[in-house]
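Step one of this worksheet: look at the structure below.
Number of protein chains: 2
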Amino acid sequence: MRAPVSRRERQREATYDEIVAASAALLDEGEDLSLRAVAARMGMTAPALYRYVANYQQLVDLVAFELDRAATARWAEAAERFDESDPAARLVVACTRFRQWALERPREFQLVFANPVAEHETERRELLTVSTSGCYFTDLLWAVQERYRFPYPRLDDLDETVREAVLEPLIPARTEHIAPEERGILWIYMRSWSALYGVVTLESTGHCDPRVLASGQLFRATIADWIGPLGLEAERSRLLAIVDDELAAARSGAGTAG
Amino acid sequence: MRAPVSRRERQREATYDEIVAASAALLDEGEDLSLRAVAARMGMTAPALYRYVANYQQLVDLVAFELDRAATARWAEAAERFDESDPAARLVVACTRFRQWALERPREFQLVFANPVAEHETERRELLTVSTSGCYFTDLLWAVQERYRFPYPRLDDLDETVREAVLEPLIPARTEHIAPEERGILWIYMRSWSALYGVVTLESTGHCDPRVLASGQLFRATIADWIGPLGLEAERSRLLAIVDDELAAARSGAGTAG
DNA sequence: TCCCGAGAGTGAACGGCGTTAACGGTAAAC
DNA sequence: GTTTACCGTTAACGCCGTTCACTCTCGGGA
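If you want it as C-alpha cells, here you go:
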C-alpha cells in the first residue's frame, strides 16, 4: 500500500518537513509566524511557499497540526511512566503535561487551540476531527471507562441534537469501536474536554491571578472535580498526589526538557 | 470633585469616544481592527491616533474595555427582568446572555477575553482588575451568597498561595465589603469564573461539534453543575427553565437586539 | 538519447499594516 | 498679543500576504 514515491515526491515531502521545522523554530524564538520569515529561514522567497500552501491560514493549520502531534507525543511519553493497565494515572499525567505545555508555550497553544474555526470552512472544520491530542485524551477516557465502568448517559437521556451528534460524531476521537447504543460516553468526552480546555485556556491566556496560576490550584481543583464522575473516587488521593508531583516537578525543573 | 474640564479636555474626551465608536463599527461590519482603518473612518490619518494611544495594543485594550462595559450593560439590563431579590435568576440570565454574546460576536469576545496578558506588562495586568463584566458577575455571586448562604472554604482550608491571593486580590471584583476572614468566597468567584469562561471560550472559538454548540447543552450542563455548589439546589428546575428560555429566545430571535 | 513539460523557485509589484520623524496650523494660556 | 502646547498632516521605513510573469532544472516518455 506504500505510495509510489518518486524522487520529486520525496523532495516535496522533505520540504514540507522543513517548513514545519522552520515554523517551529520561529515560534520557539518568540518570533511571529509569517510566510516571509519561514521562507527566509529556509533560504527561499515567500512566493515559493505558495507551491506548498494555498495561503497563510493553511500554513497555520499545517503547523498547528504538527505542533499538536509533537506535543501529544511528549505527554504520551510522560504518561507511560504508568502502565497501560493504569489509565487513570496516565490520564492525570497527560492532563497536567498538557497544562504545563500551554503555560510554557502560550503562543503555540493559542495557535493550536484558540485558532477560531469559522462556520463555513468545511476544510478546517474537518481538521477538528483529526486532532492528535483529542484522540489521545478520548482514548485514555475510553480505557478508564473499560477499567472503572463509570456511568454515562443512555442515548434516551440525551438531548435530541446531542444524540445525533454522538451518533455521527465530528470530534477528534476514535469511535468505530464504540457501539451506537453506547455512544452516550461521547458526551462525557465532550464535557470533560470542555472542562480541561476551559481551565487551561484561562490559565494560558493569563486571565486570572498570577499567584493562583503559579500555584496550579485552579487546575488541580478542576481535575479533582472530575475524579468522581469518572468513577475514580477510590483513587482520589493517589491521583491527586500524581498531579501534585507533576506540578512540583514542573515548578522546579521549568524548561528542562526541550 | 468634578475635574476642571477645559474645552480642550472635552474635545479630547470626545475624540476618545469617537475612536471607540469607530472601532466598534469596524468590528461590527466584520472588518479588522487597525489603526489605519479607525483613523480613516474618523477622517483622520493613522499617525494622528498616536496622540491618543501609544501603540496598537493600547487601542485594543481601550476598545476591549469599552466593549466589555457595553456588553455587560446589556446582560445587566436583561437580568433585570428578575428582581434584585432574586440574584440566582439574574445570575443565570447574565451567564446565558454572556454566552450568547460570545457566540454572536466571536471577534469581540476574542478581543476582550482571549487577549493574552503577558507577565511583565504591569499596565495591562492591572487592567485585569477593572473588567466590568468580572465585577458584575462577582457582585451577583455575592448577592447569591447573601441570600442562599452557600458554603465556601475557610482561609485555613486554602492552599497557601491561594490564601495570599484572596487576601490581596488581583481579580475584577469589589472586595472592600468582604471581611478578610471571609475571603474564601473569592475562591468560589475564581472557580466559577473559570468554568463559565471555559465553556464559553470553547463554544465561541468553535472547538466543538457545531450541533452540540447550537443545542446549548454543553453550556447548560456546565451551569447545572454549579447550581449545587452555589446552594441553589432547591431552585434547580426553575433556574434551568430560565436558561432554556433564554436559549430558546436566542435561537428564535437571533440578532434581534443590536 | 533527446526533448518536452511540469514543477520549483525568482523578482517585481500591489495594497495593507504599525510606527517614526519632521513639519504646519490653530487655539488655549499667559 | 505673543507664545506655546497640542492636534493633525505628509513622507517614509520595514514589515506583511498575495499575485503575476518569468526562468531554470530535472524527471519521465519517445
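Top to bottom, those sequences are chains C and Z.
When you line the first sequence up against our numbering, it's residues 345 to 602, in that order.
When you line the second sequence up against our numbering, it's residues 345 to 602, in that order.
Even for Gly, the Cβ is constructed at its ideal location relative to N, Cα and C.
Given the structure is predicted, the values throughout are model-derived calculations rather than measurements.
Would you say V556 (chain C) reaches chain Z, if we count a Cβ-Cβ gap shorter than 7 Å as a contact? yes
Have a look at Z:S367, Z:G374, Z:A358 and flag the residue whose alpha-carbon is nearest the alpha-carbon of P450 (chain Z). Z:G374
Consult DSSP for R582 (chain C) and reduce its assignment to one of helix, strand or coil. helix
Report the option in C:F481, C:I522, C:V397 whose CA atom is closest to the CA atom of T440 (chain C). C:F481
Listing by chain order, which chain Z residues have their CB less than 8 Å from the CB of A565 (chain C)? R535
Which residues of the stretch 478-511 of chain Z have a Cβ closer than 7 Å to any Cβ of chain C? Give them in chain order. D503, T505, V506, E508, A509
Which first and last residues belong to the alpha helix (DSSP H) in which S477 (chain C) is found? 476-492
If the cut-off is 9 Å on Cβ atoms, which residues from the stretch 425-459 of chain C count as contacting chain Z, listed in chain order? P450, R451, Q454, F457, A458, N459
Taking the alpha helix (DSSP H) that E547 (chain Z) falls in, what are its first and last residues? 529-549
First and last residue of the uninterrupted alpha helix (DSSP H) at A552 (chain Z): Note that residue 552 (chain Z) is Cys in the sequence shown here, rather than Ala. It is not in any alpha helix (DSSP H) - C552 (chain Z) carries neither H nor E in the DSSP assignment.
V437 (chain Z) - DSSP class collapsed to helix/strand/coil: helix
The alpha helix (DSSP H) enclosing P573 (chain C), as first and last residue numbers: Neither: P573 (chain C) is in no alpha helix (DSSP H) and is coded neither H nor E.
Would you kindly work out how many angstroms separate the C-alpha atoms of L511 (chain C) and A593 (chain Z), rounded to a whole number? 27 Å
Whose Cβ in chain Z lies nearer than 8 Å to the Cβ of P513 (chain C)? D553
Let me confirm a value: G387 (chain Z) is counted as buried when at least 16 other C-beta atoms fall within 10 Å, else exposed. Which label applies? exposed
Between the beta-carbon of L499 (chain Z) and the beta-carbon of R507 (chain Z), is there less than 7 Å? yes
Establish whether the CB of Y396 (chain C) and some CB of chain Z are separated by less than 7 Å. no
Output needed for G560 (chain Z): all residues of its chain with C-beta closer than 7 Å, excluding positions within five of it in sequence on either side, in chain order. L591
Considering only residues of the stretch 373-458 of chain Z, which uninterrupted alpha helix (DSSP H) runs meet the minimum length of 4 residues and lie entirely inside it, listed in chain order? 379-385, 400-423, 431-448, 450-453
Is L499 (chain Z) helix, strand or coil when you go by DSSP? helix
For A509 (chain Z), the first and last residue of its enclosing alpha helix (DSSP H): 504-511
Proximity below 7 Å, CB of S538 (chain Z) to CB of L562 (chain C): yes
Against V364 (chain Z), what residues of chain C qualify as contacts under a CB-to-CB distance less than 8 Å, listed in chain order? What V364 (chain Z) touches in chain C: nothing, since even the nearest Cβ is about 22 Å away.
What residue from Z:L435, Z:A366, Z:Y396 has the CA that sits closest to A384 (chain Z)'s CA? Z:A366
Is DSSP giving V461 (chain Z) helix, strand or coil here? coil
Return helix, strand or coil for T519 (chain Z), following the three-state DSSP convention. coil
What does the Cβ neighbour count give for R564 (chain Z), buried or exposed, with the cut at 16 atoms within 10 Å? buried
Starting from the Cα of L371 (chain C), find the closest Cα among C:D553, C:Q454, C:W570 and give me that residue. C:Q454
Quick one: residues in its chain with C-beta nearer than 7 Å to the C-beta of L527 (chain C), no 5 flanking neighbours on either side, listed in chain order? The sequence shown places Arg at residue 527 (chain C), rather than the Leu named in the question. Excluding residues within five positions, the ones whose Cβ falls inside 7 Å are L499, V510, L511.
If you measure beta-carbon to beta-carbon, which residues of the stretch 520-544 of chain C are closer than 7 Å to chain Z? M534, R535, S538, A539, Y541, G542, V543
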